[in-house]
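Asks:
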Amino acid sequence: MKKRKKVKKKIKKKEKTRKKISSTSTSKTFEKKTSSNEIDQKPVITKIKKQSTEKRIYNLKDFVVYPKHGVGKIVAIEKAKIGQIDIQFYKILIEKEKLSLTIPINQQSNLRPISSVNQINKCISILKTKPKIKRTMWSRRAQEYDQKINSGKIYELAEVVKDLNKNSDIIADQSYSERQLFEKAYERLKSEFEAVLTITPDEVKRKMDKALGRLNLMEEQ
76 MKKRKKVKKK IKKKEKTRKK ISSTSTSKTF EKKTSSNEID QKPVITKIKK
126 QSTEKRIYNL KDFVVYPKHG VGKIVAIEKA KIGQIDIQFY KILIEKEKLS
176 LTIPINQQSN LRPISSVNQI NKCISILKTK PKIKRTMWSR RAQEYDQKIN
226 SGKIYELAEV VKDLNKNSDI IADQSYSERQ LFEKAYERLK SEFEAVLTIT
276 PDEVKRKMDK ALGRLNLMEE Q
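Under this note's numbering, the letters of the sequence shown match residues 76 to 296, in that order.
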């Protein structure tokens, strides 16, 4: 009898262990299924490339700024056939330099619209500030100034005019190359002022010279 009882106990233990194993295996398989279902349900995120330049539509007679040449006016919008493709062009007149540019509309990333009145006012505020005195070699500074002039950014242009301005003794304090860079930046900034403000070129010059502190010096001379 005792032997039979021992055998029965062993059988019960085996059944219990089997049940535990089966329950754990089913739970694992269930976890695997749920995790796989969760993965399937996750949305696929695709990366969207940002446009490097915002396309703008310019109209006839619009003023635009081309970095290397300054303010220009769109005098024509023309079409031309290259191979089997029709391409539209902006014809831009840079009056200050007596230069005509032809720029494809699909390659207009270098163009920008002329500044707003608020931006012009900010430029005037920049012109009123003290020039930055740099102790680096002139060749390096000249390169930096030239890059700023040709950047097409009006605030950088105003900074060059302000930094190269000599309102005490213009001729004695400036070298020939400094005067050249100053005049280039000054005239380019002035041309954008003229395009934005509804005043005469002489009034624009007076406004800029007043901000730079050159007006009193000019009147004395």
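All C-beta atoms, glycine included, are put in the ideal place defined by N, C-alpha and C.
All of these numbers come straight from a predicted model, not from anything done at the bench.
#1: Going by DSSP, which residues form a beta bridge with D221?
#2: Buried or exposed for I157, please, with buried defined as at least 16 other CB atoms from any protein chain shown within 10 angstroms of its CB.
#3: With distances taken from CA atoms, which of S200, K205, I169, Y220 is nearest R254?
#4: I'd like to confirm the pairing. Which residues does DSSP put opposite E164 in its beta bridges?
#5: With a CB to CB cut of under 7 Å and the five nearest residues on each side skipped, what residues in its chain are close to K265?
#6: Buried or exposed: where does L135 fall if 16 or more other Cβ atoms within 10 Å of its Cβ makes it buried?
#7: Have a look at I160 and K166 and give me their C-alpha separation to the nearest angstrom.
#8: Report yes if the CB atom of G147 is closer than 7 Å to the CB atom of I169, and no otherwise.
#9: If you follow the alpha helix (DSSP H) that Y141 is in, where does it begin and where does it stop?
Replies: By the coordinates alone:
#1: Answer is none; D221 lacks a bridge partner.
#2: exposed
#3: Y220
#4: Strictly speaking, residue 164 in this sequence is Phe, with Glu absent from that position. DSSP lists E153, P179 as partners of F164.
#5: V279, K280, M283, listed in sequence order.
#6: exposed
#7: 19 Å
#8: yes
#9: No alpha helix (DSSP H) holds Y141; the beta strand (DSSP E) holding it covers 138 to 141.
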